[in-house]
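A.B. asks: Can you keep this structure in mind? I'll have questions shortly.
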Amino acid sequence: MIRTVESEPHASPPVLAAYSYCEAVTGRQARNFAYGIRLLPTPQRRAMSALYAFSRRVDDIGDGALAQDVKVARLEETRAVLTRIREDGIDDDDTDPVAVALSHAAGHFPIPLGGLDELIDGVLMDVHGETYETWDDLKVYCRCVAGAIGRLSLGVFGTEPGARGVDRAPEYADTLGLALQLTNILRDVREDAVGGRTYLPADDLAKFGCSAGFSGPRPPEGSDFVGLVHFEVRRARALFAEGYRLLPMLDRRSGACVAAMAGIYRRLLDRIERDPEAVLRGRVSLPGREKAYVAVRGLSGLDARYVTRRTVRRRA
């Protein structure tokens, strides 16, 4: 997946307006994602905003208060938009700005749009109330809602000519998505429980005495909640270490974007590890100034070099 777009693709005024809409959605709703993509050149940043805006639409359907059958119908309508983009493209004057922007981006970057079908499949799992017995089961869900986003993003980033092991770039992008999603699951464990959702594998919950769930600000009586969190943190760190092998395959600004987004989540994971019960008391997050600092480190390559050295030492 060699990077082929060096200059900004031609865009008509309606397409530029559509991209502006998607960038506004991204800036307003993407708390962590926006810090990374602002490091990209304009064409890639716009394409990533189109991907985000479409993904946000899918997530909002899944998280909304609609009846289950209505959610399923809306998700299938959204899938039909993807079919239109793949088969015929979307006219610049279409009334759906997200579809216009995504269609233009897909016409200029080798974006594997099937990843958005996978995202819809993952959200349908949420709609149908799927639960997960094992980590292997949960990985299927994580690959749909996050690994697919990593592979879609790689279509925008491309890879550097001559990069070693470049054939494994989609695999690493997918794995990095899993690391981010598992971090999300840990952060949102109580919020999800209150909403009737359980993502952590049932086997892991039983192993640490947490099968009763997390509806309150304290762990279940007699459980080893700290042990559970530390177990999942180690799993997430291993995924980060593997996924970071993608960074040397990207150009400087794409690598900075990925390093910034992943770095924010990695620091969030550090906070959760230091105080596991914090996720039961409220939403754990990083202040804006720390996110900005991580973005600067990503642009300078410091986070990438740091993680690469740690990964090499661990494998030695």
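Residue 1404 is where the sequence shown starts when you use my numbering, and the numbers rise one by one after that. The beta-carbon is built from N, C-alpha and C at its ideal position, and this holds for glycine as well. A quick note: this is a predicted structure, and the numbers were derived from the prediction, not measured.
#1: Tell me where the alpha helix (DSSP H) around V1687 begins and ends.
#2: Helix or strand or just coil, what does DSSP make of T1586?
#3: State whether the segment 1552–1572 contacts the segment 1656–1664, with contact taken as three or more CB pairs (one from each stretch) at a distance under 8 Å.
#4: Can you tell me where the alpha helix (DSSP H) with R1655 in it begins and where it stops?
#5: For S1415, which residues of its own chain have a beta-carbon under 7 Å away from its beta-carbon, when the five flanking residues on both sides are left out?
#6: With H, G and I counted as helix, E and B as strand and the rest as coil, what does DSSP make of T1429?
#7: Which residues mark the beginning and the end of the alpha helix (DSSP H) in which M1528 is found?
#8: What would DSSP say about T1498, mapped onto helix, strand or coil?
#9: Please state the DSSP three-state secondary structure of D1491.
#10: What would DSSP say about S1618, mapped onto helix, strand or coil?
#11: Could you give the first and the last residue of the continuous alpha helix (DSSP H) run that contains H1633?
#12: Can you tell me the Cα-Cα spacing of R1686 and D1595, whole angstroms?
#13: Relative to the C-alpha of L1671, which candidate in E1680, S1688, D1529 has its C-alpha closest?
#14: Using three-state DSSP, classify H1507 as helix, strand or coil.
#15: For R1708, which residues from the same chain have a beta carbon less than 7 Å from its beta carbon, with the 5 sequence-adjacent residues on both sides left out?
#16: Report all residues from its chain with a CB closer than 7 Å to the CB of D1606; omit the five preceding and five following residues, and keep chain order.
#17: How would you label D1577, buried or exposed, when you count the other beta carbons within 10 angstroms and need 16 or more for buried?
#18: Who are the near neighbours of S1618 in its chain, counting only those whose CB is closer than 8 Å to its CB and skipping five residues on each side?
#19: Kindly indicate which residue of R1441, G1518, I1464 has the alpha-carbon position closest to the one of T1486.
#20: Pop quiz: I1523 and R1482 are said to be a contact at Cβ under 8 Å. What is the actual Cβ separation, rounded to whole angstroms?
#21: For L1608, which three-state DSSP category applies?
#22: Could you tell me the alpha carbon to alpha carbon distance between R1700 and R1448, rounded to whole angstroms?
C.D. replies: The relevant details are as follows:
#1: Premise fails: V1687 is in no alpha helix (DSSP H) and is neither H nor E.
#2: Looking at T1586 - three-state DSSP - the assignment turns out to be helix.
#3: Enough Cβ pairs lie closer than 8 Å, so yes.
#4: Taken as a continuous stretch (DSSP letters only), the alpha helix (DSSP H) holding R1655 covers 1655–1677.
#5: Cβ neighbours of S1415 beyond the five flanking positions: D1495.
#6: Judged by DSSP in its simplified three-state form, T1429 adopts helix.
#7: That run of the alpha helix (DSSP H) goes 1517–1530.
#8: It is coil, neither helix nor strand.
#9: Coil.
#10: Reduced to three states, the DSSP call for S1618 is coil.
#11: 1628–1646 is the extent of the alpha helix (DSSP H) around H1633.
#12: The C-alpha of R1686 lies about 11 Å from the C-alpha of D1595.
#13: The alpha carbon of L1671 has as its nearest neighbour, out of E1680, S1688, D1529, the alpha carbon of S1688.
#14: Residue state, collapsed to three classes: helix.
#15: Annotation note: pLDDT 49 at R1708 (below 50); position unreliable, coordinate value reported separately. For R1708, where only same-chain residues beyond five positions count, there are no Cβ hits under 7 Å.
#16: Excluding sequence neighbours, D1606 sits near E1536, T1537.
#17: Note on D1577: 16 or more other CB atoms within 10 angstroms of its CB, so buried under the neighbour-count rule.
#18: Sequence-distant partners of S1618 (beyond 5 residues in either direction) whose C-beta falls short of 8 Å from its own C-beta, in its chain, are R1593, A1596, V1597.
#19: The shortest Cα separation from T1486 among R1441, G1518, I1464 belongs to G1518.
#20: Correct: roughly 5 Å between the Cβ atoms.
#21: Helix at L1608.
#22: Between R1700 and R1448, the C-alpha separation is close to 19 Å.
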